[in-house]
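Numbering (mature numbering (1 follows the signal peptide of the UniProt record, and there is no 0)), first residue to last: -23 to -1, 1 to 169.
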């Protein structure tokens, strides 16, 4: 093996370093960065309280970027499906009238009801959005292309046909009913 000598010239780089507290990294918007590669990565969507895919350009970006869903979930403590969602609807013994929502195990959907103001159980949410974020079953979520314009072949569970079907995913946003393979979709949604 021959080694070659060469002159080494110092290279001056200017960099801006942004330090983000670990707890806040999960609140950052996804940032594709400065380069133009197309790398599947995950980021934590703070509003949806879940890890989602996005297309990373390969350089730059921010700390809300993970190579796998597992890394994202570990770093951002994604809440698992709430056990409180398994309780039946309970209005409680009092007679106030608070519009509320509960997760109905029979329909797999969040439904509205009137809460009496005391007693009841933990399957009670102030908003439909809160109920759906905590209790919605992945397979019940509608197919969503997402916000970006990439074209990735993915699978989603169609609750009407009760089958896993192909769709084109845009690369960011969307929801959890988004699987890279038919078998992932089948295992999650059809074999239960």
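Here a beta-carbon is modelled for each residue, glycine too, at the ideal position from N, C-alpha and C. Keep in mind it's a predicted model, so treat the numbers as computed, not measured.
{"Query": "Residue interval of the beta strand (DSSP E) (run including residue 87)", "Result": "86 to 92"}
{"Query": "Integer-rounded CB distance, given that residue 77 should sit under 8 Å from residue 103", "Result": "7 Å"}
{"Query": "Proximal residues to residue 128 (C-beta, below 7 Å), its chain only, five neighbours per side dropped", "Result": "145"}
{"Query": "Buried versus exposed call for residue 123 [16 or more other C-beta atoms within 10 Å across all chains shown]", "Result": "buried"}
{"Query": "Neighbour-count burial assignment, residue 189, 16 or more Cβ in a 10 Å radius", "Result": "The chain is shown only over -23 to 169; residue 189 falls outside these bounds and no answer can be derived."}
{"Query": "CB-CB length for residue 150 against residue 29, believed under 8 Å", "Result": "6 Å"}
{"Query": "Close Cβ partners of residue 120 (< 6 Å) along its chain, the five nearest in sequence each way excluded", "Result": "133, 144"}
{"Query": "Nearest candidate by alpha-carbon position, reference residue 11, set 35, 79, 71, 84", "Result": "35"}
{"Query": "Three-state secondary structure (DSSP) of residue 130", "Result": "strand"}
{"Query": "Euclidean distance between Cα positions of residue 80 and residue 98", "Result": "12 Å"}
{"Query": "Whole-angstrom C-beta distance between residue 115 and residue 85, which should lie under 8 Å", "Result": "That pair is no contact at about 11 Å."}
{"Query": "Spatially closest choice to residue 66 from 90, 105, 126, by CA coordinates", "Result": "90"}
{"Query": "Residue 139 - DSSP class collapsed to helix/strand/coil", "Result": "coil"}
{"Query": "Strand pairing of residue 76, partner residues [DSSP]", "Result": "91"}
{"Query": "Beta strand (DSSP E) runs wholly inside the segment 25 to 54, at least 3 long, in chain order", "Result": "27 to 33"}
{"Query": "Spatial distance of residue 141 from residue 153 (CA atoms)", "Result": "14 Å"}
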